[in-house]
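Novice: Structure provided below as structure tokens; questions to follow.
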């Protein structure tokens with residue numbers, strides 16, 4: 081009896097392992113398919129003109145995405161400045177006041193803000209910026225993206241600072257260095273790689289966001305450097321062109337997808353290499 | 680004399696240090712409180728802007744079946760149903776895959792090439808923008824689903840609830856897999872070793888020791904993944920078909936709460952329409968808020984216990 085049951089159990093064990101491996105590899109398939117289609121349809125559309133030209137009207141051949149690339153950069157720059165400063169400050173507070181009541185509620189707020197759907201952030205930026213300013217603008221889009229970056233940067237700062245040994249801070253304080261100088265000159269420099277990683281990852285994430293831009297940055301067929309006017313962004317351009325009925329525009333959308341995915345992956349891989357190199361071990 | 684002035688300087692620097700110290704602490708506290716205020720302000724803004732619709736429709740907003748901007752008749756039931764169907768279906772489809780991934784990198788291959796390949800690929804999957812998923816689904820997945828529908832004699836929309844769930848499930852797999860893996864790694868190795876020493880096979884240890892122990896954490900991971908699926912906008916908007924009628928079947932086109940806002944907000948005419956859309960947003964905000972707080976609470980509790 082034992083021999084038969086143990087045989088059965090071994091077979092079950094093997095079957096289970098095979099199942100787990102099969103399912104795991106099966107869940108890789110979508111990534112491969114997405115990459116395959118993006119490269120197959122996107123790469124042929126890419127050339128130098130694609131990066132430097134403006135979009136053309138339907139019917140005209142060619143046309144590029146220069147305005148969308150510039151627009152995405154403007155949006156990310158507007159978004160990152162306030163959210164990096166505010167995010168790092170709040171992150172320092174959270175890691176230094178662990179266990180306090182304020183930190184508990186703020187931590188909860190950060191979690192909720194991180195889980196808030198991006199479309200809601202879009203509505204908020206519309207209500208807070210677009211309506212008072214009287215129109216769609218790069219500024220409102222930047223603020224929407226900034227609201228999305230904020231919780232990610234706070235989390236990254238908090239988690240990084242938590243890993244820094246307390247002895248480092250205590251040594252500085254014991255030498256009579258005031259608290260603010262200890263934080264600015266000892267703790268933050270030790271955690272800069274982790275915080276930088278968080279910032280770059282959050283940029284990669286919001287750079288691909290579309291929903292908060294639909295009714296803030298809105299999109300623009302022309303080049304625009306003015307922060308109070310609507311701008312185009314890569315994801316917005318992909319959305320507008322992909323849902324249009326023109327094959328010529330679909331070609332541009334595939335090309336733009338190729339560029340966007342390329343940028344996001346490059347940033348992710350860069351961060352991964354850098355964290356390995358910058359890693360401060362204690 | 681010299682001594683006296685140096686004392687004075689020390690006193691001055693100490694005074695300015697104290698001032699800077701005080702200001703610094705205040706700035707940190709204020710930036711932390713700003714986040715809390717921000718969240719409350721978001722809630723209040725949504726609430727006040729949806730007051731028109733709240734006044735006219737009251738609680739019946741969530742059970743009324745018609746959404747008709749022309750006659751000014753707004754009910755959110757079709758979107759509630761659409762959101763629930765797509766998210767739960769997506770969760771159901773993704774669950775076996777994300778569990779398998781978590782077991783794969785958390786139990787079978789804790790290191791080595793296979794581990795890093797699978798882990799990096801899942802991380803990359805999580806990093807792809809949702810617009811790319813939507814675009815790909817619209818041009819690749821929709822024709823495939825349409826082909827199946829033709830074969831089985833269902834009206835070949837291609838787009839619809841089912842297609843949206845499929846792409847959603849692909850999007851949430853990496854998310855719930857990474858949470859499940861973390862929870863699985865918290866299972867103490869001595870109870871696993873105890874089971875092994877009694878002669879249990881790998882499969883028995885995983886299904887009878889690890890998974891039951893990590894049950895609540897895996898549930899929390901699924902909950903957080905559900906929260907993400909509920910609020911996902913772009914990919915769903917592109918493949919769900921954007922119909923404001925109550926979806927009749929799994930394959931019929933519909934709309935989710937997020938997708939109806941994305942579609943109609945810029946074209947909304949009249950205050951009531953805008954206000955109704957914002958009320959849909961308010962509902963979505965509250966639902967994701969509750970789900971996130973619950974999920975995070977469970978995860979936090981487990982990490983403290985372990």
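Residue numbers (the working numbering), protein chains in the order written: chain A, 81 to 362; chain B, 680 to 985. By construction, the Cβ of each residue, glycine as well, lies at the ideal position given by its N, Cα and C atoms. Remember, it's a predicted structure, so these values are computed and weren't measured experimentally.
Scan the segment 768-809 of chain B and note each continuous alpha helix (DSSP H) run of 4 residues or more that stays entirely inside, going in chain order.
Specialist: 792-806
Novice: Within the 8 Å Cβ cut-off, does residue 968 of chain B reach chain A?
Specialist: For residue 968 of chain B, a Cβ of chain A is located within less than 8 Å of the residue's own Cβ.
Novice: Report the residue from A:147, A:328 and A:131 whose alpha carbon sits nearest the alpha carbon of residue 297 of chain A.
Specialist: A:147
Novice: What in chain B is Cβ-close to residue 341 of chain A, meaning under 7 Å?
Specialist: At a C-beta separation below 7 Å, residue 341 of chain A has these neighbours in chain B: 807 and 811.
Novice: Under the DSSP definition of a beta bridge, which residues are partnered with residue 747 of chain B?
Specialist: B:752
Novice: Quick one, which of B:980, B:932 and B:728 has its alpha-carbon nearest residue 833 of chain B's?
Specialist: Looking at the Cα atoms, B:932 is the closest of the given residues.
Novice: Please classify residue 956 of chain B: is it buried, with 16 or more other beta-carbons within 10 angstroms of its beta-carbon, or exposed?
Specialist: buried
Novice: Where does residue 730 of chain B land, buried or exposed, given buried means 16+ other C-beta within 10 angstroms?
Specialist: exposed
Novice: Chain A partners of residue 815 of chain B, CB-CB under 9 Å?
Specialist: 110, 113, 114, 117, 118 and 337
Novice: Strictly below 7 Å CB to CB, what residues from chain B border residue 67 of chain A?
Specialist: A question about residue 67 of chain A goes unanswered here, because the residues of chain A that appear run from 81 up to 362.
Novice: Would the beta-carbon of residue 138 of chain A fall within 8 Å of that of residue 334 of chain A?
Specialist: no
Novice: Just the C-alpha distance for residue 261 of chain A and residue 770 of chain B, rounded to the nearest angstrom, thanks.
Specialist: 48 Å
Novice: Using 7 Å as the cut-off, classify the Cβ of residue 703 of chain B as near or not near the heavy atoms of the ligand SAM, replying yes or no.
Specialist: As presented, the structure is devoid of all ligands, the ligand SAM included, so that no description of it is given.
Novice: Among all the DSSP beta bridges, which residues are the ones paired with residue 298 of chain A?
Specialist: A:311
Novice: In chain A, which residues lie less than 7 Å from residue 975 of chain B when you measure between Cβ atoms?
Specialist: 191
Novice: Are the CB atoms of residue 275 of chain A and residue 165 of chain A within a distance shorter than 8 Å?
Specialist: In this structure, residue 275 of chain A does not lie closer than 8 Å to residue 165 of chain A by Cβ.
Novice: For a cutoff of 8 Å on Cβ pairs, would you count residue 758 of chain B as touching chain A?
Specialist: Taking Cβ atoms only, chain A never reaches closer than 8 Å to residue 758 of chain B, which makes this a no.
Novice: Give the DSSP-derived three-state secondary structure of residue 142 of chain A in the structure shown.
Specialist: coil
Novice: Does the Cβ of residue 802 of chain B have 16 or more other Cβ atoms within 10 Å, making it buried, or fewer, making it exposed?
Specialist: exposed
Novice: From residue 905 of chain B to residue 766 of chain B, what distance separates their C-alpha atoms?
Specialist: 6 Å
Novice: Starting from the Cα of residue 866 of chain B, find the closest Cα among B:886, B:928 and B:849 and give me that residue.
Specialist: B:886
Novice: State yes or no: is the C-beta of residue 174 of chain A within less than 8 Å of the C-beta of residue 231 of chain A?
Specialist: Their beta carbons are not under 8 Å apart, which means residue 174 of chain A does not touch residue 231 of chain A by this criterion.
Novice: If you drop the 5 nearest sequence neighbours on each side, which residues of the same chain put their C-beta closer than 6 Å to that of residue 824 of chain B?
Specialist: 837 and 842
Novice: Check whether the Cβ of residue 700 of chain B lies closer than 8 Å to any Cβ atom in chain A.
Specialist: yes
Novice: I need the boundaries of the alpha helix (DSSP H) containing residue 116 of chain A, first residue and last residue.
Specialist: Note, residue 116 of chain A: alpha helix (DSSP H), 109-122.
Novice: Exposed or buried, what is residue 321 of chain A when buried is set at 16 or more other beta-carbons lying within 10 Å of its beta-carbon?
Specialist: buried
Novice: Would you identify the three-state DSSP class for residue 681 of chain B, choosing helix, strand or coil?
Specialist: Per-residue confidence for residue 681 of chain B stands at a pLDDT of 47, beneath the threshold of 50, marking its modelled position as unreliable; no derived number is given.
Novice: Counting only Cβ pairs nearer than 7 Å, list the residues of chain A close to residue 841 of chain B.
Specialist: None at all; the shortest Cβ gap to chain A is about 16 Å.
Novice: Taking the straight line between their C-alpha atoms, what separation do you get for residue 98 of chain A and residue 941 of chain B?
Specialist: 42 Å
Novice: Out of B:783, B:846, B:788 and B:785, which has the shortest C-alpha to C-alpha gap to residue 813 of chain B?
Specialist: For the options B:783, B:846, B:788 and B:785, the alpha carbon positioned closest to that of residue 813 of chain B is the one of B:846.
Novice: Can a CB atom of chain B be found closer than 8 Å to the CB of residue 275 of chain A?
Specialist: no
Novice: Residues of chain A with a CB under 8 Å from the CB of residue 755 of chain B: which are they?
Specialist: Going along chain A, no residue has its Cβ under 8 Å from residue 755 of chain B, so there is no contact; the nearest lies around 15 Å.
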